[in-house]
Amino acid sequence: MRKDRSSRDVERDVGIFDYATPDVAGFGGALKVTPADFQVNELRASGEEVSLDSSPLPEDAGSEGSNVRFVLQKERLDTLGALAELGSLLGVPTRSFSVAGLKDYRAVTTQEVVARDVTPEAVAACAPPPCLRLGRAWPTATKLRLGGCGGNRFRIVVRGVAGGGRRIDKALRALKRRGFINYFGLQRFGSGASVNHEVGLACLLRRYDDAVCKALSPPAGGRTSSAELEAHEAWAVGRDARSALRLMPRSRHLQRALLARLAGEATDGGGAGAGRARQPNGWSDLTSDACRDAVLSLPLPHRRLLAHAYFSRLWNIAASERLRRYGVGPAREGELVWLRPADLPPGCECDGCAQAAAGGGGPHAYERGRRRRRSVHIVSAAEAAAEVFAAKQVVLPLAGSRTLFPRDEVGSLLRRLLCYDGVDPDGGELEVSSDKEQPPLPLLGSYRRLLLRPRRMSWELLQASSHETHRDSREMSGQLPSWQLPKGARREAVEGQRMEAAATVGMLDASAEGEATCDVAVQFDLPPGAYATMALREVMKTQPPPARLRHIRFDP
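Just so we're aligned: the sequence shown equals residues 1 to 556 in full-length UniProt numbering.
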C-alpha cells in the first residue's frame, strides 16, 4: 500500500527548509479550505487590478489587431487546463493563447488572456463550464508573455488559527516588515512535488524514456484520486496507454498529453512531434524513439516550464543553504545583489546583461529589464565588511548561459549540484523539435531575490467558521472578510468587524493557547513569480525549523 509522505517531507524534497523569521512563533491554521478562501487577481504592468469588468488598455483602445484580449476567471482548474477548455470551445489549439502568469488550481483566479485568430464576438458567444467565467473582450495587436504582468493581488482566508490575538498580530507584522524567503512553492513542482523537476531534468539530459517513466509513475506523496491511481496502475502493469488515458483525470495535462501521444491519439499541443501517430501495444513497443516522439510533442513552452522546475528546486536548495550559513544577515563577499546602474561602484564586476537574462527565465524572473533596468553586482570584501548591502538585495541565479554564480560556498554548491546531475553549469539546452538537424534552444537563466516583502498588506480577524461545513463547499459559514461583502456595506462592516476583532483578540488572549480559534483574512500584492503560499508559510509555521547541523553529501 502506498504511504503518503508528510507535508514536511514534500517541502524538503524541493529544498524548502528555513524561515526568514525563525524567532517569531507561527499561528498554524489551514489554507484553501474552499477555493473562495484563496482569491488571486492579476495586476497589469501599470498596477491596475484585473477584474471581470476590466476595461481595455489605453493602447488597445480602437485597435484593429488580429488578436483578442479578454478576462478569464477560473476555479478548481489550473491555467493550462482552463486554456485547453477554452481551446475546445473556441475551436483553436491551446498554443493560440498567451498569458502573463500561471495561476493556482484550488483558488478563484482572475487574469487576462490573449487569443490568436479569435474574435471578440466569438468570446462573447462562448458558453464556458461553471468553473470558468469570461469578462470583457476587445481586439489587440499584442500578446502576453509569462512574467510580463505587474504581479498579483492575493485575498486569502486562513482557517482555524490559534495561539492568541497578539501572537497572530506579531507574526503578521513581522511578515510585513521583515518579509519571507522567496521559495518556489510546491505548485511549481507538480503532483506530490515530485514530477515536474524530475521530468525537466530528464528533458535536459535528453533521456526521454526516463521522462515518460517519471511523468507516468504514481506520485510519491499527497492526495491522489482513485481514478488517477487506476490510470497509473494500467500503465505500470501493461503499458496500456489507451486505458491509462481514459482513466487519467483531465486535470493531469502532462500525463494525458504523453499518454495521448503514446496511444496514437490526436493532440492539439502543436509540439515538435505533431503529425506522426504511434500506437505502442505494450512495453516491447515502447521504444526510445516513441518516448522521444511523445515528449517532443509537448509544446516547447511546456517543456521549458518543466526544465525551469528543475532549476527552481536547485534555487530553493541554494536559498536554504544561504540561510543556514548566514541567516538574514547582510550580503557577504562573493554574493550577488541587484543594483541600478547609477548605484554601481566604479570598476565593479557585474553582469550588464542581467535584464536580458531575466527575459529568458520564464515565469520566475522577478525583475524585468523594460520596467526596471538593473545589473547584478558581485559583493567585494570591502563592501561585505562595511555591510553595504542588506539581505533583501541578495539574489540567487537560476542557472543559464547568461547568469553569474555567487563566488562563495553557495555558488560552489550550485555548480556541484548541476555537475552531479549531469547538467552543464554554464547553460542547459532543450531540443526544439524531433528534427535532429535543428539547433537546440539554450536556456538563458535568470535571477531571483532571496527575500521579499508583501506590498499593500493588511489583515483582519474573523469569527471562526463552522467546523461542520463541508470542506468542498464553495463558501464557509461564519464571518465574511470585507472583500466578500457588497461594496455599499463594506465601510460599515469593516468598522463593526474591527470592534469584533478586538473582542476576538481579547478572547483569544484570555483563553488557554490552542483552545480558542479564529479565522484570519489577509491581502497583499506580490511580484510575478512569487508564491503567496510561501509568504503565509512564514506566519503559519506548521512545520518546525530544521536543525542547524545538516549538509549535502555527494556520493562518489
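Quick reminder that beta carbons are idealized off the backbone N, C-alpha and C, glycines included.
- Proximity of the segment 408-424 to the segment 435-454 falls short of the contact definition, fewer than three beta-carbon pairs being nearer than 8 Å.
- A check of alpha carbon separations from Val24 across Ala171, Leu404, Ala127 and Leu90 identifies Ala171 as the nearest.
- Contact check for Leu443 against Glu429 passes: the beta carbons are separated by less than 8 Å.
- If you check the CB distance, Gly28 and Asp525 do not come in under 8 Å.
- Distance between Ala137 and Asp169, taken at the CA atoms: about 42 Å.
- As summarised for the segment 109-141, the continuous beta strand (DSSP E) elements at least 3 residues long and confined to that stretch are 132-140, given in chain order.
- Under the three-state reduction of DSSP, Leu57 is assigned to coil, being neither helix nor strand.
- Restricting attention to Pro22, Glu64, Gly160 and Ala390, the CA atom closest to the CA of Ala521 is found in Gly160.
- In the DSSP assignment, Gly238 falls within the alpha helix (DSSP H) that extends over Ser226 to Gly238.
- The beta carbon of Leu404 lies closer than 8 Å to those of Leu336, Asp351, Val376, Ile378 and Pro397 in the same chain, with the five residues before and after it left out.
- One Cα belongs to Val99, the other to Ala386, and the distance between them is close to 44 Å.
- Val432 sits close to Leu300, with the two beta carbons spaced by under 8 Å.
- Ala309 is positioned such that its CB atom lies no closer than 8 Å to that of Arg455.
- Residue state for Leu444 is assigned as coil, using DSSP reduced to three classes.
- Under the three-state reduction of DSSP, Gln255 is assigned to helix.
- Across the set Ser434, Arg324, Ala319 and Arg252, the C-alpha of Ala319 shows the shortest separation from the C-alpha of Arg449.
- Put simply, the segment 232-247 touches the segment 211-218. At least three CB pairs are less than 8 Å apart.
- Note: Val379 is not bridge-paired with any residue in the DSSP secondary-structure output.
- The Cβ atoms of Ala115 and Asn67 sit closer than 8 Å to each other.
- Using a 10 angstroms sphere on the CB of Pro406, the tally of other CB atoms reaches 16 or more, which defines it as buried.
- Take Arg76, set aside five residues on each side of it, and the residues of its chain with a beta-carbon closer than 8 Å to its own are Pro35, Tyr105, Arg106 and Cys131, in chain order.
- Following the DSSP letters along the chain, one finds Arg455 inside the beta strand (DSSP E) bounded by residues Arg455 to Gln463.
- Leu314 is the residue among Leu314, Glu64, Tyr19 and Arg155 whose C-alpha sits nearest the C-alpha of Leu413.
- Taking the Cβ atoms as the reference, Val395 lies roughly 14 Å from Tyr326, outside the contact range of under 8 Å.
- Non-local C-beta neighbours of Arg415 in its own chain, meaning closer than 7 Å and more than five positions away in sequence, comprise Phe405 and Pro425, ordered along the chain.
- Selection Leu417, Gly190 and Ala307 evaluated against Ser251 yields Gly190 as nearest (Cα-Cα).
- For Glu49, the closest C-alpha among the options Asp9, Gly87, Thr109 and Ser96 is that of Thr109.
- Of the candidates Met534, Val123 and Leu90, Met534 places its Cα closest to the Cα of Asn182.
- The DSSP assignment places no complete beta strand (DSSP E) segment of no fewer than 3 residues inside the segment 281-333.
- Under a 10 Å Cβ-count criterion, Arg402 is classified as buried, with 16 or more other Cβ atoms of the shown protein chains found around its own Cβ.
- Counted as a single uninterrupted DSSP element, the alpha helix (DSSP H) harbouring Ser88 occupies residues Thr79 to Leu90.
- Nearest to Ser434 by alpha-carbon distance, out of Ala290, Pro249, Gly65 and Leu201, is Ala290.
- Closest in C-alpha terms to Trp338, from the list Gln393, Cys203, Ala331 and Arg332, comes Gln393.
- Residue pairing by DSSP places Leu336 opposite Ile378 and Val395 in a beta bridge.
- An exposed status is given to Asp117, since fewer than 16 other beta-carbon atoms sit within 10 Å of its beta-carbon.
- In chain order, Pro139, Thr140, Ala141 and Thr142 place their CB closer than 8 Å to the CB of Gly65, counting only its own chain and leaving out the 5 sequence neighbours on each side.
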